[in-house]
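Engineer: Protein chains in written order, with the UniProt record's numbering: chain A, 1 to 430; chain B, 1 to 430.
Here it is: the structure, laid out below.
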């Protein structure tokens with residue numbers, strides 16, 4: 001992680017010019033139209049036909065702007081600007097996939113701002129005949145959202161080696177289509193992983209919280225994340241007829257699941273604002289009005305800054321699940337259990353980001369992220385930086401998600417200046 | 001309803017011969033293979049490709065055995081044996097569709113036993129040169145189960161006029177495919193409703209209870225049904241991110257639904273064995289692990305012999321739903337509410353069925369049905385009779401559903417004798 005010497009202060013950078021800002025606006029408008037919902041949101045699930053079309057649009061844009069485009073085995077779409085084939089890359093990006101009926105900003109902003117920023121930096125450097133010590137690249141990570149395929153953060157996790165290519169490609173959606181098949185259908189199943197040295201990773205993202213807006217701050221520099229305990233829990237009961245079957249003979253998986261959902265909220269409620277929790281997905285089988293359900297699968301999550309707190313809740317919740325199973329005559333199985341430890345992001349990059357903001361006259365603060373992001377994935381193997389821009393009322397995963405144009409542009413300026421600083425001044429200290 | 005004089009005692013009937021019994025066994029084996037599950041059950045949803053294939057098989061069998069086949073606008077498949085075009089019909093039947101991963105006997109038994117019985121009766125009458133006062137017909141009613149399309153009992157409800165053709169055809173499955181489209185795809189969307197006078201309707205069905213098996217009785221003659229209160233309830237919340245959204249700002253439709261499910265069981269529990277209740281289906285949107293659900297739709301039912309009891313529970317449950325909505329910041333709407341009153345089946349037919357059983361040396365008792373059946377639908381406009389045969393342990397809507405061959409054959413004998421009695425002795429009393 002520390003083979004590169006990351007600068008601690010910004011160089012005098014050239015901000016994106018008016019053309020670059022218009023370029024960003026046009027690109028954002030164009031991508032927003034792909035998968036647009038009637039309420040003006042976005043419904044663009046990973047590796048769907050819409051995801052294919054927005055990828056095509058990005059790919060064509062990158063090619064037109066001199067990037068070399070490469071797609072890896074899990075569909076991560078890279079746009080590379082290589083000044084020196086032996087030099088490391090400063091990589092930036094995010095994701096173009098969305099949740100169902102979600103907003104226009106989550107993920108897509110980071111990819112488009114990165115593409116536009118790099119195109120501008122590369123043009124300026126080439127005009128000035130500068131060959132910087134680092135190359136630049138932007139990436140659209142596959143299936144960050146984890147809406148269609150689980151787990152989330154698929155592409156970035158494979159890139160860091162946390163998830164194997166085979167496991168990722170074997171993930172299935174609710175219709176049983178594998179990620180491999182879905183990527184092949186849209187033409188984004190690449191042949192090999194990209195093996196490039198990465199000096200630093202930078203991601204810009206909407207905050208999904210209301211602090212920046214409330215305090216009128218342009219940039220949040222994320223320092224740490226909450227931990228998360230994610231469980232997939234399955235109750236098995238027995239199919240029977242909802243009419244004649246005596247109540248005391250029923251083994252109703254949905255009845256058990258309902259109790260488990262209430263138990264999640266009751267556990268979370270004990271921790272005030274120190275814990276969040278939810279059940280976002282529940283699959284019921286056979287899910288027919290006249291049949292007592294034989295199977296119910298819950299996707300449970302608990303989130304907290306404190307891993308200890310999550311461990312405690314995890315133990316207690318396991319006991320609660322056993323009790324519910326015993327009371328309802330069902331069998332319970334925790335199909336998967338993932339404890340995502342909290343991550344501290346690279347402090348040199350964070351400091352550099354603050355310095356860049358100051359030099360641009362943009363107010364910045366340290367932030368914490370509760371949600372997972374590709375930058376958190378990357379940070380496990382690459383020095384990483386996550387920058388937040390304001391979100392109106394913190395509305396996220398909702399069609400009403402909104403960020404002011406001025407905030408989008410400020411984020412683009414900060415990203416552009418940070419990327420140029422890193423590209424021009426990062427030294428290989430090997 | 002009382003235009004026909006139904007006989008109160010059986011004529012000396014000719015039982016189905018050994019050939020007819022083998023014919024039934026062969027037909028049952030053949031249909032059981034269409035939609036068979038790995039556990040030996042049946043998965044044959046209404047108007048699915050499998051339903052199309054089993055209908056083809058029945059249609060071909062009927063044509064080979066001299067029936068005139070007609071399909072009405074909602075896919076009800078009739079096999080008619082007409083001795084006198086001006087005479088009314090004695091109709092029998094049930095349904096070929098199944099619940100998901102269900103058993104081999106529910107519904108299909110009544111259709112096949114009816115077809116084999118009528119073929120035998122018609123052959124004998126024609127051999128003897130008898131022209132009886134009634135014609136005979138067998139029917140496969142569309143979508144009795146209500147698994148793929150709601151409401152259940154679709155075909156029989158349209159036949160009686162309780163449901164309009166247009167409403168039935170507009171029903172959609174979970175993929176948004178209408179019943180009209182599904183029937184068209186399998187070639188069972190007929191052009192007109194069948195307008196035939198029906199003197200009586202007879203259905204044989206597995207008991208889905210354990211009494212007949214326990215008491216070693218061959219035939220249950222259903223006298224009455226439980227009432228049912230069926231509700232479709234939708235909670236509307238607000239999509240948000242399961243990570244950063246503060247817990248007190250969440251409006252979680254699934255959290256509300258979980259409470260409502262627990263409330264159903266708690267209400268039912270107050271009534272001992274006088275009430276059954278369930279939530280068999282729950283649809284969650286967007287049902288993505290990282291999104292607080294904005295919509296949850298529950299299919300709730302309460303069943304009891306007493307309509308008053310259901311009315312009381314219905315009122316209290318409406319209040320509970322409002323309370324849950326208020327507590328969870330959601331909005332609740334009862335999208336549909338159907339109170340199915342209890343039905344007393346035709347007593348003359350029931351008496352005739354008992355007499356027929358006695359003359360055959362088969363033990364019979366009066367039964368009550370908790371579940372709905374096409375015969376209950378029909379009974380609102382046509383004198384109807386519902387005969388139960390034993391179900392092993394009462395297992396229903398489950399792949400393990402089982403009825404002994406001897407019981408299937410006894411049911412066929414009783415049905416055949418009852419149909420012949422009705423066909424030969426029912427007088428038009430207009």
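Glycine included, every Cβ here is placed at the ideal spot set by N, Cα and C.
This one's a predicted model, so the numbers in the text were calculated from it and none came from an experiment.
Suppose only complete runs of 3+ residues qualify. What are the beta strand (DSSP E) ranges in the region 363-389 of chain B, listed by chain order?
Structural biologist: Complete beta strand (DSSP E) runs here, min 3: 364-369, 384-389.
Engineer: With DSSP as the reference, label residue 433 (chain B) as helix, strand or coil.
Structural biologist: Any question about residue 433 (chain B) goes unanswered here, given that chain B covers just 1 to 430.
Engineer: Ordered along the chain, which non-local residues of its own chain (more than five positions away) have a Cβ less than 6 angstroms from that of residue 35 (chain B)?
Structural biologist: For the purposes of this step, residue 35 (chain B) is taken as residue 35 along the second chain, with counting starting at 1. Once the five neighbours on either side are set aside, the close Cβ partners of residue 35 (chain B) are 42, 43, 44, 50.
Engineer: Hey, residue 413 (chain A) and residue 100 (chain A): beta-carbon distance below 8 angstroms or not?
Structural biologist: For the purposes of this step, residue 413 (chain A) is taken as residue 413 along the first chain, with counting starting at 1. For the purposes of this step, residue 100 (chain A) is taken as residue 100 along the first chain, with counting starting at 1. No.
Engineer: For residue 130 (chain B), which of helix, strand or coil comes out of DSSP?
Structural biologist: Here the question's residue 130 (chain B) lines up with position 130 in the second chain. Three-state DSSP puts residue 130 (chain B) in coil, outside helix and strand.
Engineer: How is residue 135 (chain B) classed by DSSP in three states: helix, strand or coil?
Structural biologist: Within the second chain, numbered from 1, the residue matching residue 135 (chain B) stands at position 135. DSSP places residue 135 (chain B) in strand when its eight states are reduced to three.
Engineer: For residue 375 (chain B), count neighbouring Cβ atoms within 10 angstroms of its own Cβ and tell me buried if that reaches 16, exposed if not.
Structural biologist: Along the second chain, one-based indexing puts residue 375 (chain B) at 375. Buried, since its Cβ has 16 or more Cβ neighbours within 10 Å.
Engineer: Against chain A, does residue 214 (chain B) count as a neighbour if the rule is that its beta carbon must be under 8 angstroms from one of theirs?
Structural biologist: On the second chain, residue 214 (chain B) is found 214 positions in, with the first residue counted as 1. By this cut-off, residue 214 (chain B) is not an interface position.
Engineer: What does DSSP give as the partner residues of residue 42 (chain A) in its beta bridges?
Structural biologist: The sequence position of residue 42 (chain A) within the first chain is 42, counting from 1. In DSSP, residue 42 (chain A) forms a bridge with A:36, A:102.
Engineer: Chain B partners of residue 268 (chain A), CB-CB under 7 angstroms?
Structural biologist: For the purposes of this step, residue 268 (chain A) is identified with residue 268 of the first chain, where counting begins at 1. Near residue 268 (chain A) (Cβ distances below 7 angstroms), the residues of chain B are 247.
Engineer: Spell out whether any CB of chain A is found under 8 angstroms from the CB atom of residue 371 (chain B).
Structural biologist: Locating residue 371 (chain B) in the second chain gives position 371, counting from the first residue. Output row for residue 371 (chain B): interface = yes.
Engineer: Shorter than 8 angstroms from the beta carbon of residue 142 (chain B) to some beta carbon of chain A?
Structural biologist: Indexing the second chain from 1 puts residue 142 (chain B) at position 142. Not an interface residue.
Engineer: For a contact meaning CB atoms closer than 8 angstroms, what does residue 240 (chain B) contact in chain A?
Structural biologist: Working through the second chain from its first residue, we reach residue 240 (chain B) at position 240. By Cβ distance, chain A contributes 395, 396, 397, 398.
Engineer: Kindly indicate the opening and closing residues of the beta strand (DSSP E) around residue 397 (chain A).
Structural biologist: Start at 1 with the first residue of the first chain, and residue 397 (chain A) comes out as number 397. Segment: none, residue 397 (chain A) is in no beta strand (DSSP E) and carries neither H nor E.
Engineer: Going by C-alpha distance, which of B:85, B:21, B:350, B:105 is nearest residue 116 (chain B)?
Structural biologist: Taking the second chain and counting its residues from 1, one reaches residue 116 (chain B) at position 116. Among B:85, B:21, B:350, B:105, the Cα nearest to that of residue 116 (chain B) belongs to B:21.
Engineer: Between the region 191-204 of chain A and the region 333-345 of chain A, are three or more C-beta pairs nearer than 8 angstroms?
Structural biologist: No, the region 191-204 of chain A does not touch the region 333-345 of chain A.
Engineer: Run the CB neighbour count on residue 255 (chain B), radius 10 Å, all protein chains shown included, and call it buried at 16 or more, exposed below.
Structural biologist: As a working mapping, residue 255 (chain B) is identified with position 255 in the second chain. Label assigned to residue 255 (chain B): buried.
Engineer: Tell me, please, whether the CB atom of residue 274 (chain B) is closer than 8 angstroms to any CB atom in chain A?
Structural biologist: Sequence index remark: in the second chain, residue 274 (chain B) carries index 274 (1-based). No, its Cβ sits nowhere closer than 8 angstroms to a Cβ of chain A.
Engineer: Can you say whether residue 23 (chain A) is buried or exposed, counting buried as having 16 or more other CB atoms within 10 angstroms of its CB?
Structural biologist: Within the first chain, residue 23 (chain A) is the residue found at index 23, counting from 1. Buried, by the Cβ-count rule.
Engineer: Listing by chain order, which chain A residues have their CB less than 8 angstroms from the CB of residue 292 (chain B)?
Structural biologist: Residue mapping note: residue 292 (chain B) aligns to position 292 of the second chain, counting from 1. Under the 8 angstroms cutoff, chain A gives 278, 280, 397.
Engineer: Please report whether the beta-carbon of residue 2 (chain A) lies at a distance below 8 angstroms from any beta-carbon of chain B.
Structural biologist: As a working note, residue 2 (chain A) is residue 2 in the first chain. Unreliable placement is indicated for residue 2 (chain A), whose pLDDT of 46 sits below 50; the coordinate value is still reported in the next sentence. Output row for residue 2 (chain A): interface = no.
Engineer: Would you identify the three-state DSSP class for residue 224 (chain A), choosing helix, strand or coil?
Structural biologist: By one-based count along the first chain, residue 224 (chain A) stands at place 224. In the structure shown, residue 224 (chain A) sits in a strand (DSSP, three-state: E or B).
Engineer: What is the DSSP secondary structure of residue 507 (chain B), counted as helix, strand or coil?
Structural biologist: Because chain B is modelled from 1 through 430, residue 507 (chain B) falls outside the range shown and cannot be assessed.
Engineer: Beta-carbon within less than 6 angstroms of residue 381 (chain B)'s beta-carbon, same chain only, minus the 5 sequence neighbours each way: which residues are those?
Structural biologist: Taking the second chain and counting its residues from 1, one reaches residue 381 (chain B) at position 381. These residues qualify, in order along the chain: 160.
Engineer: So what does DSSP say about residue 93 (chain B), is it helix, strand or coil?
Structural biologist: In the second chain, residue 93 (chain B) corresponds to position 93, counting from 1. In this structure, residue 93 (chain B) counts as strand in the three-state DSSP scheme.
Engineer: Using Cβ-Cβ distances below 8 angstroms, what residues of the region 338-355 of chain A are close to chain B?
Structural biologist: Within the region 338-355 of chain A, no residue qualifies.
Engineer: What three-state label does DSSP hand residue 74 (chain B) in the structure shown?
Structural biologist: Start at 1 with the first residue of the second chain, and residue 74 (chain B) comes out as number 74. Here residue 74 (chain B) sits in coil by DSSP.
Engineer: What are the complete alpha helix (DSSP H) segments, minimum 4 residues, inside the region 109-188 of chain A?
Structural biologist: With a minimum length of 4 residues, the continuous alpha helix (DSSP H) runs that stay inside the region 109-188 of chain A are 154-160, 165-170, 179-186.
Engineer: Just verifying my parser: in three-state terms, what is the DSSP assignment at residue 216 (chain B)?
Structural biologist: Reading the second chain from its first residue, position 216 is the one you call residue 216 (chain B). Residue 216 (chain B) falls in the coil class under three-state DSSP.
Engineer: What's the C-alpha gap between residue 141 (chain B) and residue 78 (chain B)?
Structural biologist: The sequence position of residue 141 (chain B) within the second chain is 141, counting from 1. The sequence position of residue 78 (chain B) within the second chain is 78, counting from 1. Taking the straight line joining both Cα atoms gives about 9 angstroms.
Engineer: Taking a Cβ distance cut-off of 7 angstroms, strictly less, list which residues of the region 95-119 of chain B are near chain E, in chain order.
Structural biologist: In the displayed structure, chain E is absent; the protein chains listed are A and B.
Engineer: If we define contact as Cβ-Cβ less than 8 angstroms, is residue 303 (chain A) a contact residue for chain B?
Structural biologist: Indexing the first chain from 1 puts residue 303 (chain A) at position 303. Residue 303 (chain A) counts as touching chain B.
Engineer: Measuring only between beta-carbons, confirm whether residue 284 (chain A) sits less than 8 angstroms from chain B.
Structural biologist: Within the first chain, the letter at position 284 stands for residue 284 (chain A). Yes, residue 284 (chain A) counts as interfacial toward chain B.
Engineer: Please check the pair residue 203 (chain B) and residue 373 (chain B), which I expect to be a contact at CB under 8 angstroms, by giving their CB distance rounded to whole angstroms.
Structural biologist: What you label residue 203 (chain B) is simply residue 203 of the second chain in a count that begins at 1. What you label residue 373 (chain B) is simply residue 373 of the second chain in a count that begins at 1. Contact holds; Cβ gap of about 6 angstroms.
Engineer: Does any C-beta atom of chain B lie closer than 8 angstroms to the C-beta of residue 150 (chain A)?
Structural biologist: As a position in the first chain, residue 150 (chain A) is number 150, starting the count at 1. Interface residue, yes.
Engineer: Could you tell me whether any Cβ in chain A is nearer than 8 angstroms to the Cβ of residue 327 (chain B)?
Structural biologist: Working through the second chain from its first residue, we reach residue 327 (chain B) at position 327. So no, residue 327 (chain B) is outside the interface.
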